[in-house]
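Engineer:
There are 2 protein chains.
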Amino acid sequence: MEKAVIGIDIGGTNTAVGYVNFKGEIIADCFLPTQGYQNFNFYIDILSKEIKNIIDKFSDKYEFSGIGIGVPNGNFYTGKVEYAPNLGWEEEVNLAEIFKLKFNAPVFITNDANAAALGEQIFGGAKGMNDFIVITLGTGLGSGFVANGKLIYGNDGFAGELGHIIVKENGRTCGCGRKGCLETYVSATGIKRTVFELLADKNFESEIRNIPFNNLSSKDIYEFALKGDKIALEAFDITAKILAKSLADVIAITSPEAIFLFGGLSNSEEFLLTPLRKYVENYLLKVFQNKVKIVKSELIDKNAAILGAASLIWNEITI
Amino acid sequence: MEKAVIGIDIGGTNTAVGYVNFKGEIIADCFLPTQGYQNFNFYIDILSKEIKNIIDKFSDKYEFSGIGIGVPNGNFYTGKVEYAPNLGWEEEVNLAEIFKLKFNAPVFITNDANAAALGEQIFGGAKGMNDFIVITLGTGLGSGFVANGKLIYGNDGFAGELGHIIVKENGRTCGCGRKGCLETYVSATGIKRTVFELLADKNFESEIRNIPFNNLSSKDIYEFALKGDKIALEAFDITAKILAKSLADVIAITSPEAIFLFGGLSNSEEFLLTPLRKYVENYLLKVFQNKVKIVKSELIDKNAAILGAASLIWNEITI
């Protein structure tokens with residue numbers, strides 16, 4: 011019988027579940043809120059019931075073969091979610107163990123950016139690549155590094171925190187408690203902060219001057235850029251330049267074949283990707299010039315988070 | 011019969027050859043200049059004769075099993091030395107092929123920092139470690155990254171150029187043609203440049219004010235620091251701080267178990283390693299604090315370059 015695995019993407023707000031076959035087709039899916047339950051055990055019980063329903067429904071056609079979970083601060087080695095403030099869980103939750111006991115099957119967890127990298131490798135544009143990087147641009151900036159065909163988890167399972175390299179000493183305050191981290195400049199939130207810095211620094215007319223900070227999304231900034239708004243255009247250019255410098259540095263360290271960008275901002279070919287490629291080439295050490303592809307994730311329109319989580323299992327089991 | 015491999019370390023000035031058994035013992039060695047021959051072929055002929063002599067001398071005791079070569083700009087994938095300006099060779103020399111034909115044995119090449127990392131893994135302090143970094147501090151700054159137990163060569167074989175991440179925009183002119191590279195601040199040359207910047211910026215009395223740029227070595231700076239020279243002490247502190255920031259960034263990306271420092275500057279426990287550890291912890295993202303060992307290479311007093319080169323073969327063959 012054909013095998014299929016459950017991929018779970020746990021975000022701060024929503025949890026998405028998909029039943030995924032080895033071609034990366036999502037046979038069935040369901041969605042539920044991550045929070046708002048009486049307690050953590052209620053959440054796990056409801057989530058487990060939904061998963062069981064899916065597995066049972068297709069038990070004549072697919073052999074259930076494991077559960078992969080992408081979750082903020084998920085640690086591949088320990089199976090634990092360690093100190094994930096956005097989830098409101100206890101400091102340490104052994105999520106892999108909980109599901110292993112419930113489903114008597116292999117369970118692997120990792121963070122969302124690592125899951126995205128595995129998804130890209132197994133189902134997306136990185137098929138057949140041994141050395142590549144996936145950067146996820148959301149509220150923050152996440153990253154998954156693959157070298158010699160394998161995801162770099164590092165010694166403690168927490169490798170890939172590119173969002174927290176410091177790009178400006180004494181720069182913007184970061185959620186991590188430090189200052190000047192890349193994600194305070196390059197992310198949906200980062201570009202908004204740049205817009206507001208520009209509103210202060212420059213005298214350009216801009217419709218954005220009528221919008222409060224809390225009401226402006228990165229999608230709005232994109233739409234203002236489309237209309238030729240100078241502040242929005244310059245904010246994209248600055249974002250591309252700061253990311254380019256960091257990418258030139260990581261290329262010097264890991265020499266990837268390609269860098270895949272994932273998440274809302276990555277959709278902007280003209281305002282982000284095009285200047286990004288130009289600036290990266292400008293910053294690069296000669297030996298790396300004109301070698302590294304910088305492209306949108308090929309999973310960008312699919313349910314990448316579910317596919318990525320499912321890839322955790324496809325990566326470990328033989329079909 | 012016990013196996014042994016030839017390790018060759020080719021530097022801009024000298025070439026060192028060693029016959030190395032699987033315990034990392036150097037059974038025999040010899041040294042010759044790298045340059046000054048009629049042409050490249052003469053160099054190769056003389057080097058080959060020396061190697062043959064060693065192999066023959068021990069042919070009753072050791073089975074010759076391959077040649078590993080550490081050489082600037084050596085590419086593991088292609089076997090070629092590509093554009094190594096300091097060697098004065100042609101733009102592309104297929105060194106692995108040349109020795110394969112002469113010795114009918116496995117030949118692998120890589121750059122000196124990667125060789126040092128393999129040497130550390132097989133014979134030094136990184137035994138049993140899957141994730142670590144070796145930094146070589148010489149005229150420049152080289153690095154070898156190991157993740158999941160394997161050296162990261164990257165897509166083109168040139169990964170590990172930590173010396174060329176840009177730490178200061180429009181900073182010091184680098185030999186690579188760009189500005190602000192880490193190695194212009196952190197290396198034997200880098201600390202000297204810092205000393206001369208300090209001589210200009212500060213008013214401290216210092217004996218170094220009597221020494222011309224071209225006569226000052228990093229060893230001199232160390233000795234002045236020992237005598238309490240303020241310029242020398244501050245130069246070490248600045249060097250440690252700049253390196254610390256970069257190490258905090260690479261720790262966030264690769265989460266190594268340890269970072270090994272190799273080369274003259276690394277010998278200074280009090281002026282370099284101690285402040286380096288302190289600054290790294292200050293810069294680190296919380297999740298990585300108090301986890302990563304920063305230590306001197308355990309090969310520092312041995313012929314690490316030969317051992318590293320030999321490790322290229324021990325890494326590929328089974329004993």
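Chains X and P supply the protein sequences, listed in that same order.
Per this note's numbering, the very first residue in the first sequence carries number 11; after that it's consecutive.
Per this note's numbering, the very first residue in the second sequence carries number 11; after that it's consecutive.
The beta-carbon is built from N, C-alpha and C at its ideal position, and this holds for glycine as well.
Starting from the beta carbon of S278/P, find every residue of chain X whose beta carbon is closer than 9 angstroms, and list them in chain order.
Structural biologist: Under the 9 angstroms cutoff, chain X gives no residues; its nearest Cβ is about 25 angstroms from S278/P.
Engineer: Hey, F270/P and S307/P are a contact pair by Cβ (cut 8 angstroms); roughly how many whole angstroms apart?
Structural biologist: That belief holds up - the Cβ atoms of F270/P and S307/P are roughly 5 angstroms apart, short of 8 angstroms.
Engineer: In angstroms, rounded to a whole number, what distance separates the CA positions of I132/P and K112/P?
Structural biologist: Answer to the nearest angstrom: the Cα atoms are 27 angstroms apart.
Engineer: Using the C-alpha atoms, what's the distance from F281/X back to A198/X?
Structural biologist: If I take the Cα positions, the gap works out to 14 angstroms.
Engineer: Is T2/P helix, strand or coil when you go by DSSP?
Structural biologist: Lying before the first or after the last residue shown, residue 2/P is absent from chain P, which here runs from 11 to 329.
Engineer: Near W99/X, what residues of its chain come up, given a Cβ to Cβ distance below 7 angstroms and the 5 sequence neighbours on each side ignored?
Structural biologist: Excluding residues within five positions, the ones whose Cβ falls inside 7 angstroms are F50 and V91.
Engineer: Using the beta-carbon of each residue, which ones in chain P are nearer than 7 angstroms to F234/X?
Structural biologist: Those within 7 angstroms of F234/X in chain P number zero; the least Cβ separation is about 28 angstroms.
Engineer: Using 10 angstroms around the beta-carbon of P285/X, count the other beta-carbons present and answer buried if the total reaches 16, otherwise exposed.
Structural biologist: P285/X should be labelled buried.
Engineer: Between L128/X and G273/X, is the Cβ-Cβ spacing less than 8 angstroms?
Structural biologist: Not closer than 8 angstroms, so no.
Engineer: Report yes or no: is there a C-beta of chain P within less than 8 angstroms of the C-beta of V196/X?
Structural biologist: It does not; no Cβ of chain P falls within 8 angstroms.
Engineer: Can you check which of these residues, K33/X, I145/X and S227/X, is closest to N124/X by C-alpha distance?
Structural biologist: Selected option, being the one with the closest Cα: I145/X.
Engineer: Is the shortest distance between the beta-carbon of V297/X and the beta-carbons of chain A less than 8 angstroms?
Structural biologist: Of the chains in the structure shown, none is chain A; the protein chains are X and P.
Engineer: Check whether the stretch 21-37 of chain X touches the stretch 71-82 of chain X, counting contact only when three or more Cβ pairs, one atom from each stretch, lie closer than 8 angstroms.
Structural biologist: Touching, yes.
Engineer: Quick check on the burial criterion: 16 or more other C-beta atoms within 10 angstroms. Buried or exposed for N300/X?
Structural biologist: Flag for N300/X reads exposed.
Engineer: Just to make sure I have the definition right: I need the residues of chain P whose C-beta is within less than 7 angstroms of the C-beta of T264/X. Which are they?
Structural biologist: Here the neighbours are I162, G164 and A169.
Engineer: Tell me the DSSP secondary structure of T44/X in three-state form.
Structural biologist: It is coil, neither helix nor strand.
Engineer: Are there 16 or more other CB atoms within 10 angstroms of the CB of F41/X, so buried, or fewer, so exposed?
Structural biologist: F41/X should be labelled exposed.
Engineer: Which of the three DSSP states, helix, strand or coil, is assigned to N24/X?
Structural biologist: Here N24/X sits in strand by DSSP.
Engineer: Can G190/X and E179/X be called in contact, C-beta distance under 8 angstroms?
Structural biologist: Yes, the pair counts as a contact, with Cβ atoms nearer than the cut-off.
Engineer: For the stretch 123-141 of chain X, list every residue whose C-beta sits within 9 angstroms of some C-beta in chain P, in sequence order.
Structural biologist: So the close ones are M139, N140 and D141.
Engineer: Kindly list the residues whose CB is nearer than 6 angstroms to the CB of A320/X, restricted to its own chain and excluding five residues on each side of it in sequence; keep chain order.
Structural biologist: Excluding positions up to five away in sequence, the list reads V15, G17, V30 and G78.
Engineer: Against chain X, with Cβ distances strictly below 8 angstroms, would I175/P count as a contact?
Structural biologist: So yes, I175/P belongs to the interface.
Engineer: N158/X CB to nearest chain P CB: under 8 angstroms?
Structural biologist: Yes, N158/X lies at the interface with chain P (some Cβ there is under 8 angstroms from its Cβ).
Engineer: The alpha helix (DSSP H) spanning I231/X covers which residue range?
Structural biologist: Start and end: S228 to L236.
Engineer: Let me know the beta strand (DSSP E) ranges lying completely inside the stretch 105-149 of chain X, each 3 residues or longer, listed in chain order.
Structural biologist: Runs found: 117-120 and 142-147.
Engineer: Along chain X, which residues have their Cβ under 7 angstroms away from the Cβ of F155/P?
Structural biologist: Here the neighbours are I263.
Engineer: Looking at chain X, is there any beta carbon in it that lies within less than 8 angstroms of the beta carbon of K90/P?
Structural biologist: No, no contact with chain X.
Engineer: Answer with yes or no whether the minimum CB distance from L390/P to chain X is below 8 angstroms.
Structural biologist: Given a span of 11 to 329 for chain P in the structure shown, any question on residue 390/P remains unanswerable.
Engineer: Looking at the C-beta of E102/P, does it have a partner C-beta in chain X at a distance below 8 angstroms?
Structural biologist: Cβ-Cβ to chain X under 8 angstroms: no for E102/P.
Engineer: Pick helix, strand or coil for S265/P, following the three-state DSSP scheme.
Structural biologist: Looking at S265/P - three-state DSSP - the assignment turns out to be coil, as it is neither helix nor strand.
Engineer: Any idea which residues DSSP pairs L271/X with across the strands?
Structural biologist: I145/X and K306/X, per the DSSP bridge assignment.
Engineer: On the CB-based measure, 16 or more other CB atoms within 10 Å of its CB, does I329/P come out buried or exposed?
Structural biologist: Unreliable placement is indicated for I329/P, whose pLDDT of 49 sits below 50; the coordinate value is still reported in the next sentence. It is exposed - the Cβ of I329/P has fewer than 16 other Cβ atoms within 10 Å.
Engineer: Tell me, please, which residues DSSP counts as bridged to N31/X.
Structural biologist: Per DSSP, A14/X.
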